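Note that our numbering has the sequence shown beginning at -3, numbered continuously upward.
Beta carbons are placed, not taken as given, at the ideal position from N, Cα and C, and that holds for glycine.
Computed from a predicted structure; not experimentally measured.
To start, the structure under review is shown below, and the notes come after it.
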Amino acid sequence: MNKTWTRTVMVVVVAAAVAFWVFFDRQRAPEQQMDTALNAMPAWQVIKEQEPALHQRILDQMAALQKAGEPEQQIIDTIQPQILHLQMSRLQSAPDANVVNYMTINMEQTAAIQKVSDDACFRFLYPTVKGGVNPMRMLDKDLMARRMQADADMMRAAYGKNRHTVTPAEREAAVEDVRPIMKALADKYGEDIQLLQMPEKAAGKEKLSCDMVQEMWAKVLALPEKKAAGVIRLAVSELE
-3 MNKTWTRTVM VVVVAAAVAF WVFFDRQRAP EQQMDTALNA MPAWQVIKEQ EPALHQRILD
57 QMAALQKAGE PEQQIIDTIQ PQILHLQMSR LQSAPDANVV NYMTINMEQT AAIQKVSDDA
117 CFRFLYPTVK GGVNPMRMLD KDLMARRMQA DADMMRAAYG KNRHTVTPAE REAAVEDVRP
177 IMKALADKYG EDIQLLQMPE KAAGKEKLSC DMVQEMWAKV LALPEKKAAG VIRLAVSELE
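Written out as structure tokens, the structure is:
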């Protein structure tokens, strides 16, 4: 597989995976109410169960940022990478069905946010380029609830009796499976495919960038479940 294609698929999954559930579907709350508010979220419960030290560190960070008067999006942008790192690690051990469901709902979110605006979609996928958005303020509660439950189910399954073990053979197969997908995108979009790897150069092409991300993952998710899960795990493996 062309090394550029490999790097591109890695970058794209960063964009996709960072757009996960966030905490702030509420106005600022007093510090003593923070944990109570977060406990209503399934994925937060899993973090509390599996990673108590991380759970406490995030609470402490949020309290400090609130006390300092930081805006909501700044708090989200500070916390998200830590959850992302944990979830990318869990995807390596989660069963195929959970891995595929995780990315499927992620892309459903992306499509729904693009209906709000192309700029919102781009910010959702690439928060480090133009600043992120809070999907909880844009999407219906049902979609957000399904997203949070999918995240929680995936993280729990990664510790369950059917946990997955990635093999070198799976990695090699994933490389071969993604090769024709990236070639088809390159043939269709020409030089613009580079925007997947360099979103900072996508000014004025936000819609195109969002379209390409969704098309790439649609092609991956159209593969048989085992193959799709293998490609997803390959793509997120460098984010652990």
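- Task: Report the rounded CA-to-CA distance for Ala169 versus Ala116, giving the unit in angstroms.
- Result: What you label residue 169 is simply residue 173 of the sequence shown in a count that begins at 1. What you label residue 116 is simply residue 120 of the sequence shown in a count that begins at 1. If I take the Cα positions, the gap works out to 35 Å.
- Task: Whole angstroms is fine: what's the gap from Ala148's alpha carbon to Gln57's?
- Result: Along the sequence shown, read from residue 1 onward, the residue named residue 148 stands at position 152. Along the sequence shown, read from residue 1 onward, the residue named residue 57 stands at position 61. Between Ala148 and Gln57, the C-alpha separation is close to 22 Å.
- Task: Taking 8 Å as the threshold, find out whether the region 200 to 214 comes into contact with the region 133 to 151 through three or more Cβ pairs.
- Result: no
- Query: Is Leu135 helix, strand or coil by DSSP?
  - Reply: Residue 135 sits at position 139 when you count from the first residue of the sequence shown. DSSP places Leu135 in coil when its eight states are reduced to three.
- Asp173 beta carbon less than 8 Å from that of Lys215: As a position in the sequence shown, residue 215 is number 219, starting the count at 1. As a position in the sequence shown, residue 173 is number 177, starting the count at 1. In this structure, Asp173 does not lie closer than 8 Å to Lys215 by Cβ.
- Query: With Ile43 and Asn130 assumed to form a contact (beta carbons below 8 Å), what rounded beta-carbon distance in angstroms separates them?
  - Reply: Locating residue 43 in the sequence shown gives position 47, where the first residue counts as 1. Locating residue 130 in the sequence shown gives position 134, where the first residue counts as 1. Actually they are not in contact, since the Cβ atoms of Ile43 and Asn130 sit about 19 Å apart, beyond 8 Å.
- Item | Candidates Leu80, Leu82, Gly226 and Glu47, of which the one nearest Ala241 by Cα | The structure shown does not extend to residue 241, since the chain spans only -3 to 236, so no value can be given for it.
- Query: Can you tell which of Ala146, Arg167 and Leu191 has the C-alpha that lies nearest to the C-alpha of Met37?
  - Reply: In the sequence shown, counting from the first residue as 1, residue 37 sits at position 41. The residue with the shortest Cα to Cα distance from Met37 is Ala146.
- Arg167 to Leu230, Cα distance in whole Å? Sequence index remark: in the sequence shown, residue 167 carries index 171 (1-based). Sequence index remark: in the sequence shown, residue 230 carries index 234 (1-based). About 6 Å.
- Item | For Arg159, the first and last residue of its enclosing alpha helix (DSSP H) | Here residue 159 refers to the residue found at position 163 when the sequence shown is read from its first residue. Where Arg159 is concerned, there is no enclosing alpha helix (DSSP H), given that its DSSP letter is neither H nor E.
- Item | Limits of the alpha helix (DSSP H) - the one that Pro123 falls within | Numbered from 1 along the sequence shown, position 127 holds the residue referred to as residue 123. Here the alpha helix (DSSP H) through Pro123 covers Pro123 to Lys126.
- Message: Between which two residues does the alpha helix (DSSP H) holding Tyr98 run?
- Response: Residue mapping note: residue 98 aligns to position 102 of the sequence shown, counting from 1. Residues Asp92 to Val112.
- Task: On a CA-only basis, which of Val112, Arg86, Gly127 and Asp92 is nearest Thr74? Give me that one, please.
- Result: The residue labelled residue 74 in the question sits at position 78 within the sequence shown. For the residues Val112, Arg86, Gly127 and Asp92, the minimum Cα distance to Thr74 belongs to Gly127.
- Helix, strand or coil for Val240, going by three-state DSSP, please let me know. Nothing in the structure corresponds to residue 240, since the chain is present only between -3 and 236.
- Reference Asn94, options Glu196, Met194 and Ala154, closest by Cα: The residue labelled residue 94 in the question sits at position 98 within the sequence shown. The residue with the shortest Cα to Cα distance from Asn94 is Ala154.
- Query: Does DSSP put Ala165 in a helix, in a strand, or in coil?
  - Reply: Locating residue 165 in the sequence shown gives position 169, counting from the first residue. In this structure, Ala165 counts as helix in the three-state DSSP scheme.
- Message: Which same chain residues end up closer than 6 Å to Glu221 when comparing Cβ atoms and leaving out the 5 residues on each side of it in sequence?
- Response: Reading the sequence shown from its first residue, position 225 is the one you call residue 221. Correct list, in chain order: Asp92 and Val96.
- Message: Can you tell me whether Pro195 is helix, strand or coil according to DSSP?
- Response: For this step, residue 195 is matched to residue 199 along the sequence shown. Looking at Pro195 - three-state DSSP - the assignment turns out to be helix.
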